[in-house]
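Same order as they appear, the protein sequences are chains A and B.
The first sequence: position 185 = 185 (our numbering), numbered continuously.
Take any residue in the second sequence, note its place counting from 1, add 1000, and you have its number in our numbering.
Note that beta-carbon positions come from the ideal geometry of N, C-alpha and C, so glycine has one too.
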Amino acid sequence: MPSVSSSEPESIPALAAPTRHRDNPFTRSKPALIGFAFLALMFLACLGSLPWTLTAIDSSVSEVPRYDTGDPKSGRLPPQWWPYDNIDTQRAIAAVDPIILEKIATDHNTTIESILDGSNEPAAKAALAKAPTFILGSDTLGRSLATRLLTGGGISLTIGICAAFISVGIGTIYGAFAAYMGGKIDAIMMRIVDVLYGLPYILLVVLLAVASNAMLDEYQSRSRAKANWSINHIIQTQSPDPAQPITKSKARIIFETDPILQDDLMQQAVQIYPRRVFTTGTRTTLDVLTLLIAIGGVSWLTMARVIRGQVLSLKNQPFIEAARALGSPGHRIFIRHLLPNLIGPIAVYATLAVPQAILQESFLSFLGIGVKPPLPSWGNLAAEGLSELNTFRSHWWLLFFPCALLGLTLLAMNFVGEGLREAFDPKRSR
Amino acid sequence: MTQATTQPAMNTNKMTNVPLMEVKNLAVSFDNGSGPRIQAVDGVRMTIYPNQTLAVVGESGCGKSVTAMSSMQLIPRPPGRFDRGEIIYRMKNGKKVNLLTMTEQEMRAVRGNEIAMIFQEPMTSLNPVYTVGDQIIEAITLHQDVTAKEAWKIAVKSMNDVSIPEPEVRMKAYPHQFSGGMRQRVMIAMALACQPRLLLADEPTTALDVTIQAQILELIKDLKATRDMGVILITHDLGVVAENADVVCVMYAGRVVEYANVYNLFDNPRHPYTRGLLASIPKIGTEHDRLITIDEIVDNPEEFKKLPGADKGVTPWWPWNDAPDDLVKLDQPAGDYHLQEVAKDHWVGVWHTKGVVGDESPPPHLNYRVIDNA
């Protein structure tokens, strides 16, 4: 008999084992909780501050929104808690309002020049105290990086989440439907995916973006409505016999060959169909909307394939046949038995799709199709920061903070995804 | 097992003397891609009565499962196809229907409600993402117009019926927390929750160990008796057949080769294939240098000359033998074959020879139940 030390607890029969306490697997996972807290904070900060960052500082003075407000004189200043070197100090002092500078100069019995070159130290210190400060530094145009990061975060997260949502939604429904139907329908649907896979996705995004731009332009200028009105006007006024109006094509020829008439008609048409005007905000919103639809609309292909594979293996599982044998109708099997079994891969893919969409957005912004400056996104802020990195003088904060935020957010999302996957898996180990 | 212990079942309930389901001349084939269609089932006939266990035995691929699945239209079509035949089923309301020609919508009212099925793999036959309670309740609400509370009660009761301890607690457990035997019990509870009149048990105990196997079979037996339910037990375990079946149907290559009550079949096997099957079982207590194979018996021509009426040319059908010279081939699938009643209540698949023509017996119907005198 093996000797049992007295400190070891005696074993109990299996039947007497206490009921195990099953804790929530999501809250048990520390990384998932930390990631979730970080994401929640990020969302609150970025999206919650949008009403603040998107409005002007003082709308009576200027309509320029806060994220785009800056004085080039105070450009490229490091974070206020970072030790300024001589050059930084001089530039900071130079950014001080000249009236205040003059007052300091008279107070210290010195000239503005001596303050600027730092020869009068007490005066320079007093001036520096009045210099503009930025909690995370300023960019080349003197705009606060912190404000721009908040706005950019709002844009990036919105695009990331929405695009991932669209891509997961389309991909899941498409892939699951193809696999569930099987046979010819499956073959045709998946060949379409193959063809779309073959096309460079940038091309698709550009096409979608350009097409939506053209549609928006048409909506604003109403050129088709104007042309139609002109043609109808010609038919009504120039027909020799009202009972027998001239044909549309003839009217079009008259319209196109007579420039004086054309100008005249167009001027009248503009009166009837004035140009629709979007506010900057509306246009920006529409642009972002286009972008996220374009990204979501092309990145569902992988999702469709993943889900199709899962459904193919699932639908041959005996429990699906058992459900049929119980008399469940097809759509019920699809919704009740197939989809819940797909939550794992969907959760994992969705958390991967969000960072992917954010990265794609920054790439497109870099190409000039995405978020257009001055509207910031983490992607184009990082791109700007990279161009500010040089051996002579590195404005490191312009690159570091956008990248840090992007990286931490993506990491947090992966942790949350892992936590979710574990939570949805009924076969989890504990 | 002796003839003396048996007697025809004298059931006071009239309904038990009316066939529950009749499979008539069923033929099912499958598309084989490039080659010719595979005839999985060809001219199968069988009859099942209430409170009767019909065991369908045969080796893998002989068409046991295809026959059962056909009666629930669970054969994927295509590639499968019902070539001909019909499966006549008497519904709860007494209406007779042909299960093969019903629409998917009509079938849904049959599946689970009239005919239920339990599968070979209890490990994978339950959806892993729902609790077992949810799944039983789903089966109930599919066919019965009950509230969630009532469904819960019915589910607990059916869990109790299949002897699952603490059913209220187990309702909230997930399938992976159950052992194989428990899962099979849950499958049976699900199948029986809607009071079906016919249970198709497709190798219900193959994946279970022997003690659990005995428990499950005993359970099915009890439930059959208490509910007057017909059971089609598909298996290739002759021990299970001897213990549980009332009537046995031996299949080979998609056809019924022998059909008799369990005592007649085991005591007096008429078809060489059945004799081969029985001879190949090792017997405890006897010494074997080597076991007898089925081939040894079916390859022996003498074995085919033992049928009653052999002098008239009634020869057991066997796909690997040449057809007799006096074969009268009918112009239909399986036209060279007939399921002939060679002795009273004992059918054997024979060649459709001149000796059979004009003397064809009706399809097999055995309203017979083993009386357990235990």
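Distance, Cα to Cα, residue i vs residue j?
i	j	result
E384 (chain A)	K372 (chain A)	13 Å
G417 (chain A)	F424 (chain A)	10 Å
R191 (chain A)	M181 (chain A)	15 Å
V1240 (chain B)	E1121 (chain B)	17 Å
V1186 (chain B)	A1155 (chain B)	10 Å
H331 (chain A)	E1106 (chain B)	16 Å
D287 (chain A)	L41 (chain A)	26 Å
V1328 (chain B)	D186 (chain A)	47 Å
P402 (chain A)	H1176 (chain B)	46 Å
L196 (chain A)	K73 (chain A)	49 Å
L1020 (chain B)	K1092 (chain B)	10 Å
L116 (chain A)	D97 (chain A)	12 Å
N1025 (chain B)	P1036 (chain B)	21 Å
L203 (chain A)	A178 (chain A)	26 Å
F278 (chain A)	T133 (chain A)	35 Å
E1287 (chain B)	D1228 (chain B)	43 Å
Excluding the five sequence neighbours on either side, which residues of its own chain have a C-beta within less than 8 Å of the C-beta of residue i, listed in chain order?
i	result
M1123 (chain B)	G1180, R1183, A1207
R275 (chain A)	Q220, S221, R222
P31 (chain A)	F415, E418, G419
A1068 (chain B)	V1056, M1117, L1200, D1202, I1232, I1234
P376 (chain A)	Y67, R148, L149, T151, G152, I155
G1355 (chain B)	G1309, K1312, G1313, V1314, D1326
N1244 (chain B)	T1053, A1055, L1217, I1220, K1221, L1233
Whose C-alpha, out of the options, is nearest the C-alpha of residue i?
i	options	result
A176 (chain A)	A:M189, A:I159, A:A129	A:M189
T1378 (chain B)	B:P1319, B:H1352, B:L1198, B:L1265	Examination of residue 1378 (chain B) is not possible in this model, given that chain B is present from 1001 through 1374 alone.
Q360 (chain A)	A:G379, A:A127, A:K248	A:G379
T69 (chain A)	A:G296, A:Q80, A:T55, A:W81	A:T55
I231 (chain A)	A:Y197, A:L216, A:M266	A:M266
G1313 (chain B)	B:D1331, B:F1304, B:G1335	B:F1304
G1063 (chain B)	B:R1081, B:Q1052, B:Q1039, B:M1117	B:Q1039
E63 (chain A)	A:L291, A:L33, A:G281	A:G281
V1298 (chain B)	B:E1287, B:H1271, B:D1311, B:L1307	B:H1271
I451 (chain A)	A:L399, A:G198, A:I170, A:A209	Only positions 1 to 430 of chain A appear in this structure, which leaves residue 451 (chain A) out of reach.
L381 (chain A)	A:W396, A:N390, A:T391	A:W396
I1164 (chain B)	B:A1151, B:V1146, B:L1219	B:L1219
D435 (chain A)	A:G137, A:Y174, A:Y273, A:V277	Residue 435 (chain A) lies beyond the residue range present for chain A, which begins at 1 and ends at 430; the question has no answer from this structure.
L157 (chain A)	A:C46, A:Q80, A:L411	A:C46
E388 (chain A)	A:S328, A:F165, A:L338, A:D139	A:D139
Leaving out five residues before and five after residue i in sequence, what residues of the same chain have Cβ atoms less than 7 Å from its Cβ?
i	result
I1115 (chain B)	S1071, M1072, P1196, L1198, L1200
E102 (chain A)	I112
I246 (chain A)	I235, Q238, S239
R91 (chain A)	L77
I57 (chain A)	R66, T69
I333 (chain A)	I320, A323, R324
A269 (chain A)	K226, W229, S230
G1133 (chain B)	A1155, M1171, K1172
I93 (chain A)	I115, L116, A124, A127, L128, A131
I1075 (chain B)	V1028, V1066, M1069
Between residue i and the rest of its own chain, which residues show a CB-CB distance below 6 Å, the 5 nearest in sequence each way excluded?
i	result
P1008 (chain B)	Any reading at P1008 (chain B) must be qualified, since the residue scores a pLDDT of 46, below 50, and its modelled position is unreliable; the value itself is stated next. Closer than 6 Å at the Cβ level, and outside the excluded window around P1008 (chain B), lies no residue.
N1264 (chain B)	H1346
G1335 (chain B)	K1329
S362 (chain A)	G379
L1339 (chain B)	R1045, V1256, W1347, G1349
T53 (chain A)	R66, Y67, T147, L150, T151
Could you tell me which uninterrupted alpha helix (DSSP H) segments, each at least 4 residues in length, are contained entirely in the stretch 1021 to 1106 of chain B, listed from first to last along the chain?
-> 1064 to 1070
Residues, ordered as in the chain, of the stretch 1127 to 1147 of chain B that lie near chain A by beta-carbon distance below 8 Å | N1127, P1128, V1129, Y1130, E1138, A1139, L1142, H1143
Please name the residues in the stretch 311 to 328 of chain A whose beta-carbon is closer than 9 Å to at least one beta-carbon of chain B, in chain order.
-> Q317, P318, F319, I320, E321, A322, A323, R324, A325, L326, G327, S328
Inside the stretch 137 to 176 of chain A only - alpha helix (DSSP H) runs reaching at least 4 residues | none
Curious, which full-length alpha helix (DSSP H) runs of at least 4 residues does the stretch 327 to 390 of chain A contain?
-> 343 to 367, 378 to 387
Residues in the stretch 339 to 357 of chain A with C-beta within 8 Å of chain B's C-beta atoms, listed in sequence order?
-> P340, N341, I343
Pull out every residue of the stretch 1087 to 1110 of chain B whose Cβ sits closer than 9 Å to any Cβ of chain A, in chain order.
-> E1104, Q1105, M1107, R1108, A1109, V1110
What residues from the stretch 1031 to 1050 of chain B come within 9 Å of chain A, judged by C-beta to C-beta, listed N to C?
-> none
With 8 Å as the C-beta to C-beta threshold (strictly closer), list the residues of the stretch 1057 to 1075 of chain B near chain A in chain order.
-> M1072, L1074
Could you name each continuous beta strand (DSSP E) segment of 3 residues or more that falls completely within the stretch 1199 to 1256 of chain B, going from the start of the chain to the end?
-> 1230 to 1235, 1247 to 1252
Which ranges would you report for the alpha helix (DSSP H) in the stretch 215 to 253 of chain A if only whole runs of at least 4 residues count?
-> 223 to 238
Please go through the stretch 272 to 316 of chain A and give each complete alpha helix (DSSP H) segment of 4 or more residues, from N-terminal end onward.
-> 280 to 298, 300 to 315
Let me know the alpha helix (DSSP H) ranges lying completely inside the stretch 1118 to 1171 of chain B, each 4 residues or longer, listed in chain order.
-> 1132 to 1143, 1148 to 1161, 1167 to 1170
Segments of 4+ residues assigned as alpha helix (DSSP H) that fall wholly inside the stretch 23 to 59 of chain A | 25 to 28, 30 to 48, 50 to 53
When you check each C-beta in the stretch 1200 to 1225 of chain B against every C-beta of chain A, which residues fall closer than 9 Å?
-> L1200
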